[in-house]
Amino acid sequence: MEQNVEDYKLIFEKEGVYLHTNVRRSHLDTTLPGFIRIVERAGLPALEWSPLEDEGRSAPAVLYSKKDGEGGDEDTNFDPGYEPDWAVISTVKKDREHVPVKESGQWSFSLPLSELYSLRRARFSLGRNFLVLTSRGGHPLPPLHFHRGGTRELLRALQRYIILDPSPVDGRLFLAYPHDSGALSQSFDKLHLLDDGGSDLVSRFIQDPYATTFGGFSKVTNFFRAAIRPPDSPVHLRTAQDPSLPPQSDEEPGFELINCGVELGPRPEVTRGQPLDKWDEFLDAEGRVTNPEEIKQLVFRGGIIPSLRRDVWKFLLGFYPWNSTAKEREDILRVKTDEYFRMKVQWKSVSEEQEMRNSLLRGYRSLIERDVSRTDRHNTFFSGNDNPGLTLLNDVLMTYCMYNFDLGYVQGMSDLLSPLLFITQNEVESFWCLTGFMELVHQNFEESQEAMKKQLLQLSILLKALDPELCDFLDSQDSGSLCFCFRWLLIWFKREFSFEDILTLWEVQWSSLPCDNFHLLIACSILESQRGELIGSDHDFNTILKHINELTMKLDLQTVLRGAEAIYLQLVQCKELPLKVLQVLGLYVPPSSEEDSPDSQASETQRLLGQSQAGASCSTSARGPTYH
1 MEQNVEDYKL IFEKEGVYLH TNVRRSHLDT TLPGFIRIVE RAGLPALEWS PLEDEGRSAP
61 AVLYSKKDGE GGDEDTNFDP GYEPDWAVIS TVKKDREHVP VKESGQWSFS LPLSELYSLR
121 RARFSLGRNF LVLTSRGGHP LPPLHFHRGG TRELLRALQR YIILDPSPVD GRLFLAYPHD
181 SGALSQSFDK LHLLDDGGSD LVSRFIQDPY ATTFGGFSKV TNFFRAAIRP PDSPVHLRTA
241 QDPSLPPQSD EEPGFELINC GVELGPRPEV TRGQPLDKWD EFLDAEGRVT NPEEIKQLVF
301 RGGIIPSLRR DVWKFLLGFY PWNSTAKERE DILRVKTDEY FRMKVQWKSV SEEQEMRNSL
361 LRGYRSLIER DVSRTDRHNT FFSGNDNPGL TLLNDVLMTY CMYNFDLGYV QGMSDLLSPL
421 LFITQNEVES FWCLTGFMEL VHQNFEESQE AMKKQLLQLS ILLKALDPEL CDFLDSQDSG
481 SLCFCFRWLL IWFKREFSFE DILTLWEVQW SSLPCDNFHL LIACSILESQ RGELIGSDHD
541 FNTILKHINE LTMKLDLQTV LRGAEAIYLQ LVQCKELPLK VLQVLGLYVP PSSEEDSPDS
601 QASETQRLLG QSQAGASCST SARGPTYH
């Protein structure tokens with residue numbers, strides 16, 4: 001059907017607006033130059049983008065109407081083989097099948113202004129400007145990069161049809177309202193970008209990371225950015241010259257760089273200590289540990305020498321209480337051994353006929369057998385065929401299914417068990433150490449993936465406070481969801497470091513110092529170490545994933561740990577740390593009573609922040625700060 005010329009009116013047009021396609025084929029470009037336009041079709045305004053190659057400018061563009069959870073035309077197939085999807089997030093069997101718009105028109109979009117929900121703007125200090133638009137259905141359009149300026153003119157043209165109301169928590173995020181709408185009076189807190197009915201966003205990411213990241217999951221990033229500032233932060237007011245226009249810098253091409261983080265002080269130098277190399281001197285005559293906190297400090301500072309790991313790990317992971325005597329530990333071992341083998345008999349005694357009628361147990365067994373066959377086979381303890389270590393690995397995981405049948409076995413748990421089994425060299429002890437480890441991370445493996453979503457949110461909050469420019473770059477490349485960190489957080493960096501380094505890294509994290517979320521600071525340390533490689537490069541979504549995945553076995557553990565601790569000290573010594581960051585660091589818990597006033601909350605925040613600063617530096621020696 002031909003477009004009626006009388007129904008079409010061009011209101012605004014700007015050339016030099018690029019759309020990043022993330023195409024990775026030799027004969028296709030990764031960026032498409034094009035036009036951004038505001039048009040009226042039958043009197044209804046819309047924002048449209050079409051590529052330069054599209055000669056039919058007045059022809060209607062493809063309506064942006066992807067359904068939630070669908071990957072649209074982004075047909076990315078994976079061939080993980082025996083690897084779980086989260087372990088191979090950057091391995092693509094074939095490149096995306098997108099072709100230039102001249103051939104298919106699928107990169108063009110048209111968004112009615114009545115469907116525009118929010119607009120986020122940003123500019124790198126040494127880069128180009130970009131806009132991220134989100135529809136009322138919660139779908140973010142691909143970031144639009146303005147290589148030749150024009151953002152100010154575009155926003156002025158939009159003012160004819162909509163009001164852009166600035167977020168009180170992020171000066172770069174605006175809600176869009178029609179001029180005659182009463183919705184403008186609603187609180188920004190009602191921006192439910194996370195409430196898309198998609199509580200399984202991360203589950204969808206596991207199944208199809210590419211499609212999910214380009215769909216519903218990536219939109220969460222925009223809200224993460226807004227969450228960084230406390231509620232009492234000053235609102236970025238509209239300019240006096242044009243109250244309806246978002247504030248602008250005098251610099252063309254259009255956006256000032258608004259740092260929504262805080263002014264952090266200098267990052268301190270951190271030194272690592274020597275590993276814990278004495279144990280008996282910490283035990284009294286009855287075998288009690290006399291100073292558990294000092295042991296944890298030593299473990300955090302330098303880890304544990306190999307010969308002591310088997311003893312100390314059992315305390316760090318809760319198999320033995322710190323205040324137990326040697327005689328009490330003998331009794332505990334006897335009781336735990338009996339309990340373990342009673343659970344093991346339960347699955348060992350299931351006949352083949354019974355198992356045929358128990359699909360859940362049958363599924364657990366099949367998955368465990370498949371994972372065991374590929375877990376740490378480079379390690380001599382698990383290498384070769386018919387290795388006893390593999391049998392122990394299988395049996396402990398099957399017994400854990402009896403211990404926690406609701407959770408059962410989930411891919412990745414074999415990665416957590418193998419170092420425990422390697423150190424203890426004992427079936428029973430490794431099992432109970434695994435249960436202690438799973439107490440810390442079991443929520444990572446739950447089907448709802450709420451814990452993983454929360455951790456990715458927390459990581460985004462920390463990174464935004466530390467390096468907003470890096471966040472902006474990742475956001476501009478559809479990588480702001482930090483989905484490439486999923487594997488890191490799921491199994492505590494097990495695939496990123498050597499086997500020996502993981503033994504040290506885990507025992508450092510088991511000390512729970514300086515905070516429970518130290519693993520998020522480790523992730524920040526790694527990301528900041530890669531900012532020079534990422535910012536200013538031609539990396540896009542696919543190549544960012546590829547680069548991060550290729551860091552495996554290339555990271556220096558001690559450098560990463562020094563960086564993570566230095567980040568912690570830098571943050572807690574900041575006098576105006578946002579509440580969200582305080583919460584991630586475990587330094588502030590929101591009052592439960594609704595009657596608490598904002599003033600009392602602010603006072604409590606300052607009190608806790610003062611405590612955290614004192615605790616980070618109250619006792620400093622040659623081996624570093626002592627944490628409480």
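Under the UniProt record's numbering, the sequence shown has 613 at position 613, and the numbering climbs by one with no breaks. We put the CB at the ideal spot given by N, CA and C, even for glycine.
Could you tell me which of the options sits nearest to residue i, measuring between CA atoms?
i, options, result
"residue 403", "456, 341, 370", "341"
"residue 535", "470, 414, 560", "470"
"residue 281", "308, 134, 425, 412", "308"
"residue 518", "468, 571, 476", "571"
"residue 153", "272, 14, 43, 279", "14"
"residue 497", "466, 559, 366, 589", "559"
"residue 515", "162, 587, 430", "587"
"residue 428", "552, 450, 392", "392"
"residue 556", "538, 539, 355, 529", "529"
"residue 426", "390, 445, 457", "390"
"residue 358", "405, 9, 453", "405"
"residue 8", "553, 33, 39", "39"
"residue 272", "573, 585, 561", "561"
"residue 625", "144, 268, 583", "268"
"residue 46", "540, 161, 145", "161"
"residue 501", "411, 553, 439, 565", "553"
"residue 544", "310, 108, 479, 331", "479"
Would you say the beta carbon of residue i comes nearer than 6 Å to a heavy atom of the ligand ZN?
i, result
"residue 164", "The model depicted lacks the ligand ZN and carries no ligand whatsoever."
Go ahead and pull the three-state DSSP assignment for residue i.
i, result
"residue 145", "strand"
"residue 112", "strand"
"residue 41", "strand"
"residue 510", "helix"
"residue 428", "helix"
"residue 319", "coil"
"residue 163", "strand"
"residue 347", "helix"
"residue 419", "helix"
"residue 129", "strand"
"residue 445", "helix"
"residue 554", "coil"
"residue 283", "strand"
"residue 11", "strand"
"residue 264", "coil"
"residue 658", "In the structure as shown, the chain begins at 1 and stops at 628. Residue 658 is therefore absent and cannot be evaluated."
"residue 192", "Bear in mind that the predicted position of residue 192 carries a pLDDT of just 37, short of 50, making it unreliable; the figure below should be weighed with that in mind. Here residue 192 sits in coil by DSSP."
"residue 461", "helix"
"residue 51", "strand"
"residue 410", "coil"
"residue 527", "helix"
"residue 521", "helix"
"residue 478", "coil"
Output needed for residue i: all residues of its chain with C-beta closer than 7 Å, excluding positions within five of it in sequence on either side, in chain order.
i, result
"residue 434", "396, 400, 416, 417, 420"
"residue 284", "290"
"residue 442", "407"
Quickly, what does DSSP pair residue i with across the bridge? List them, please.
i, result
"residue 627", "Answer is none; residue 627 lacks a bridge partner."
"residue 18", "33, 145"
"residue 700", "The first residue shown for the chain is 1 and the last is 628, placing residue 700 beyond what the model contains."
"residue 176", "164"
"residue 46", "39, 112"
"residue 505", "None, per the DSSP bridge assignment."
"residue 630", "This structure cannot settle anything about residue 630, because the visible part of the chain is limited to 1 through 628."
"residue 289", "283"
Who are the near neighbours of residue i in its chain, counting only those whose CB is closer than 8 Å to its CB and skipping five residues on each side?
i, result
"residue 174", "118, 119, 120, 121, 164, 165, 166, 167, 246"
"residue 240", "With a pLDDT of 35 at residue 240, under the threshold of 50, the modelled position of that residue is not reliable, and the figure given next carries that caveat. Result list for residue 240: empty, nothing under 8 Å."
"residue 266", "570"
"residue 135", "64, 111, 115, 116, 117, 141"
"residue 320", "314, 329, 332"
"residue 89", "The predicted position of residue 89 is uncertain, since its pLDDT is 43 and thus under 50; no value can be drawn from it."
Only counting the same chain, and skipping five residues up and downstream in sequence, which positions put a Cβ closer than 6 Å to that of residue i?
i, result
"residue 576", "262"
"residue 36", "14, 17, 49"
"residue 287", "325, 326"
"residue 133", "119, 141"
Exercise. Quick check: the segment 455-467 against the segment 383-394, are there 3 or more CB pairs under 8 Å?
Worked result: no
For this session: Inspect the CB distances between the segment 495-511 and the segment 286-304 and report whether three or more fall short of 8 Å.
Result: The way I'd put it, the segment 495-511 does touch the segment 286-304; three or more beta-carbon pairs between them come closer than 8 Å.
Exercise. Are the segment 359-369 and the segment 479-493 in contact at 8 Å, needing three or more beta carbon pairs?
Worked result: Pairwise C-beta distances place the segment 359-369 out of contact with the segment 479-493, as fewer than three of them are shorter than 8 Å.
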